[in-house]
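Since the structure comes first, as structure tokens, the remarks are kept for the end.
Chains as they are written, first to last, in our numbering: chain A, 1 to 416; chain B, 1 to 416.
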């Protein structure tokens, strides 16, 4: 099988420059703007049978004609994507919502987070382009994902993480064989330095970081999976945690693509959720700005999405939200912890950063934007195991142990 | 939709007694033997279209007509099952195998382990039967799964675990809202006491433990998923970790069912893998016995499968292995740790207990039982996060952190 003819190249979001599909690019070669992959949608609409795609394995590559890959024989996969879409009636009732769903990457991703959806593309492109090393900067989840897919592809990996990154994320990356460089400072500073390093040409690594335009496309699969699971009927709202907001930009793009191809007949409203302590996209949206200025960063428990200066990606996210008629919502650390516990009481084990979308629901209801009868999908992004210290702070393990049948019976009858 | 007419009841494996499908049973009401669910396979063969089933959501309930449920409107699901089947060429090459696959429940289960496949059935039956509390004894994974599905069903849960159970497993169970009772002693002793408690009638809990015959059936889905993923062509070998061996018994049953229905035309050879330190099934198989005597239990890092006396379930497992022309293989703790690392180097994050099947491959090759060209599927059962202390023992986190661009460049160039 070949994708030739579907993926047609990139255009720069800023200056409109076109680049051919075979080029190994990060940013726009002319202006350093972000690149957006282009496809021949007329051809796709003619050739693709959405029902037939649904019979393929339940992963990101089910939608491979819509991904920027030229050589499908080199796909590097761990079975990422295809996460469950679950109706949550208990949480819905508590909040007064009649039609609440979660899409849980948190509990169904190979390395335990949404990053697998996009890093699978990077590893595949790295083989296409002939690289030997994958690299990224990361608040942790992207690092373990990069390490896993490098291993799967038979490549090496180098990852740069803030010194305070939760232990499970860095330990997992190292266990996959990554070389970990711990960096002091805020993530946004580390991100700026790392991008300077990559663009300096001093290293020959394949960058799986913020600038990789192939990687972005993996996030579109959220849209395709949601539409398919609802039998090509589109929900009213989709809420996503936002660091820079790549997931939102690309989920929105996925829905627009499906509309172009005639697979769906309407579009959802997109919501970006950030921790109030570090919420530049929310601040810009609330002020009605057209771009997202960087802000000072306070400490937040939602470390995976604490990006104080998302740069041009933030602007693109803001535009997607506005175009969809959606919103940006800030939630407090207390609200995030409550959401984490709320999800657990419906059987879902999610790290605080990955649970923020649930915290945003009361805000949307209170503001009157969200009608309680509307169909809402909250994306859950990272496993509770990924930030396990935070989970441990919320549980009490009994010290005492029992011994023998009489003590077991007594313990049982004291509960029953 | 109703399953009426497909699930026809239970027969006792020991005395053959029949019990109707609506009965709330654990063991045989006549002789306390294990019960095996029965179906009308002629009817199933006529009514079921295997291609149509493949278009349903990718979880255990895709195969609901083959599960012992009378009221599908009450299904309690977290999207369990449907785990990826991945070809592992790197590991295969190292071992000299040309056609090696893993089926990774370890990295795709809602609570991080295979237990979700069977506990989803328990929670569903608990609602059918009107219980308010789910309970189990467990080396840890079953406990967190029971807690999660109880939460999802709006029920309470009580779990009994050995005092030394890995922290992530018990913390997760508590976070889901379980009441945890820590019990001193070996798991097989705890299991005997717990079963006495359940059968005493002193508690009104729905038992999700060893004796629950509904739960067992969830494991059949391994067989259906593997056959479907291979386009209804059956692999030569299937290797599974074995505590009592329920997964092996029921995977074997699943393949037999598909043969009866005309979906497949041959059967695989089944292999049970245990840690040599606690390997009663292996010992019995090597001696050519017809049943599995209990043995003394040594310490092993594979805590999730350390069952020294599997009882009648062990006998059933042994019979399934023998009937399939398979084998039982013991592997050392060193071999298990090596397998855990080997899997990580292919991007798979698996707890030691869940990685044992990989350790068994060299033994099967060496003995000449396994032909290097045969198609082999190893089941991976629990996430690396589930026994995270063991993973941490195998990684070195660098103490040092760098600061500023010059240090980042120096660190990068020292690696590149």
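Backbone N, C-alpha and C fix where the C-beta goes; we use that ideal spot for every residue, glycine too.
Bear in mind the structure is a predicted one, so any value in this text is a computation, not a measurement.
Task: Touch test, the stretch 359–372 of chain A against the stretch 256–267 of chain A, Cβ-Cβ under 8 Å, three pairs minimum - done: Cβ pair count under 8 Å is below three, so no.
Task: Amino acids of chain B, ordered along the chain, whose beta-carbon sits closer than 7 Å to that of residue 152(A) - done: Neighbours of residue 152(A) on chain B, chain order: 346 and 347.
Task: Residues, ordered as in the chain, of the stretch 51–64 of chain A that lie near chain B by beta-carbon distance below 9 Å - done: Of all residues in the stretch 51–64 of chain A, those with a C-beta nearer than 9 Å to a C-beta of chain B are 51, 54, 55, 57, 58 and 59, reading in chain order.
Task: Local Cβ density within 10 Å of residue 105(B), reported as buried at 16 or more and exposed below that - done: Answer is buried; the Cβ neighbour count reaches 16.
Open item on the list: For a test of the three-state rule: what should DSSP assign to residue 331(A), helix, strand or coil?
Closed with: Strand at residue 331(A).
Task: Paired residues, beta bridge with residue 316(B) - DSSP - done: According to DSSP, which records beta bridges pairwise, residue 316(B) is partnered with nothing at all.
- [ ] Would you kindly report the start and end of the unbroken alpha helix (DSSP H) that includes residue 216(B)?
- [x] Counting along the chain, the alpha helix (DSSP H) containing residue 216(B) begins and ends at 213–217.
Open item on the list: For residue 270(A) and residue 222(A), what's the separation of their Cα atoms in angstroms?
Closed with: Computed Cα separation, rounded: 12 Å.
- [ ] Could you tell me the boundaries of the alpha helix (DSSP H) in which residue 15(A) lies?
- [x] Taken as a continuous stretch (DSSP letters only), residue 15(A) belongs to no alpha helix (DSSP H), as it is neither H nor E.
Task: Contact list for residue 390(A) against chain B, beta-carbon separation under 9 Å - done: Within chain B, no residue comes near residue 390(A); the closest Cβ sits about 11 Å away, beyond 9 Å.
Task: Endpoints, beta strand (DSSP E) assigned at residue 194(B) - done: Careful: residue 194(B) lies outside any beta strand (DSSP E), inside the alpha helix (DSSP H) at 187–200.
Open item on the list: Under 7 Å, CB to CB, which of the residues in the stretch 162–176 of chain A have a partner in chain B?
Closed with: Those residues of the stretch 162–176 of chain A that come within reach of chain B (Cβ to Cβ, closer than 7 Å) are 163, 168, 170, 171, 172, 174, 175 and 176.
Task: Under 9 Å by beta carbon: chain A residues contacting residue 204(B) - done: Chain-order list of chain A residues neighbouring residue 204(B): 416, by C-beta distance under 9 Å.
Task: For residue 160(B), the residue or residues it bridges with in DSSP - done: For residue 160(B), the pairing in a beta bridge is given by DSSP as 137(B) and 181(B).
Task: When 33(A), 214(A), 257(A) and 199(A) are compared against residue 43(A), the one with the closest alpha-carbon - done: Looking at the Cα atoms, 257(A) is the closest of the given residues.
- [ ] Could you tell me the boundaries of the alpha helix (DSSP H) in which residue 408(A) lies?
- [x] For residue 408(A), the uninterrupted alpha helix (DSSP H) segment begins and ends at 404–415.
TODO: On the DSSP bridge assignment, give the partners of residue 113(A) in chain order.
DONE: DSSP output for residue 113(A) lists 382(A) as bridge partner(s).
Open item on the list: Quick check: is the beta carbon of residue 107(A) nearer than 8 Å to any beta carbon in chain B?
Closed with: At a cut-off of 8 Å between beta-carbon atoms, residue 107(A) makes contact with chain B.
TODO: Answer yes or no: does any C-beta atom of chain B fall closer than 8 Å to that of residue 184(A)?
DONE: For residue 184(A), the answer is yes, since a Cβ of chain B falls inside 8 Å of its Cβ.
Task: Helix, strand or coil at residue 306(B) [DSSP, three-state] - done: If DSSP states are grouped into helix, strand and coil, residue 306(B) belongs with coil.
TODO: Show which residues of chain A have a CB atom less than 8 Å away from the CB atom of residue 149(B).
DONE: Proximity of chain A to residue 149(B) at the Cβ level (cut-off 8 Å) is accounted for by 347, in chain order.
Task: Extent of the continuous alpha helix (DSSP H) run through residue 359(B) - done: Looking at the DSSP string, the run of the alpha helix (DSSP H) that includes residue 359(B) is 356–366.
- [ ] Measure the C-alpha to C-alpha separation of residue 361(A) and residue 248(B) and round it to an integer number of angstroms.
- [x] When rounded, the distance between both Cα atoms is 44 Å.
Task: Opening and closing residue of the alpha helix (DSSP H) in which residue 247(A) lies - done: Start and end: 246–260.
- [ ] For residue 365(B), collect the residues of the same chain with a Cβ closer than 8 Å to its Cβ; drop the 5 residues on either side in sequence, then sort them by chain order.
- [x] The residues are 95, 96, 97 and 372.
Open item on the list: Just to confirm, is the Cβ distance from residue 281(B) to residue 103(B) under 8 Å?
Closed with: No.
Task: Start and end residues, alpha helix (DSSP H) containing residue 170(B) - done: Looking at the DSSP string, the run of the alpha helix (DSSP H) that includes residue 170(B) is 167–175.
Task: DSSP three-state assignment for residue 22(A), whether helix, strand or coil - done: The answer is coil: DSSP assigns residue 22(A) none of H, G, I, E or B.
TODO: Note down, in chain order, every chain A residue with its Cβ under 9 Å from the Cβ of residue 224(B).
DONE: Against chain A, a Cβ distance below 9 Å from residue 224(B) picks out nothing, because the smallest value is about 14 Å.
Open item on the list: Counting beta carbon pairs with one atom in the stretch 176–183 of chain A and one in the stretch 208–215 of chain A, are three or more of them shorter than 8 Å?
Closed with: By the Cβ test, the stretch 208–215 of chain A is not in contact with the stretch 176–183 of chain A, since fewer than three Cβ pairs between them sit closer than 8 Å.
Task: Assigned secondary structure, residue 242(B) (DSSP; H/G/I helix, E/B strand, else coil) - done: Three-state result, residue 242(B): coil.
Task: Cβ-based burial, residue 397(B) [other Cβ within 10 Å; buried from 16] - done: Its Cβ having fewer than 16 others within 10 Å, residue 397(B) is exposed.
Open item on the list: To the nearest angstrom, how far is the alpha carbon of residue 163(A) from that of residue 401(B)?
Closed with: When rounded, the separation of the alpha-carbon atoms in residue 163(A) and residue 401(B) is 6 Å.
Task: Sub-8 Å separation of residue 304(B) and residue 382(B) beta-carbons - done: In contact: residue 304(B) and residue 382(B) (Cβ atoms closer than 8 Å).
Task: residue 205(B) in three-state terms, based on DSSP - done: If DSSP states are grouped into helix, strand and coil, residue 205(B) belongs with coil.
- [ ] Mind listing the chain B neighbours of residue 413(A)? Cutoff is C-beta to C-beta under 9 Å, in chain order.
- [x] Using a Cβ-Cβ cut-off of 9 Å, residue 413(A) is close to 202 and 203 of chain B, given in chain order.
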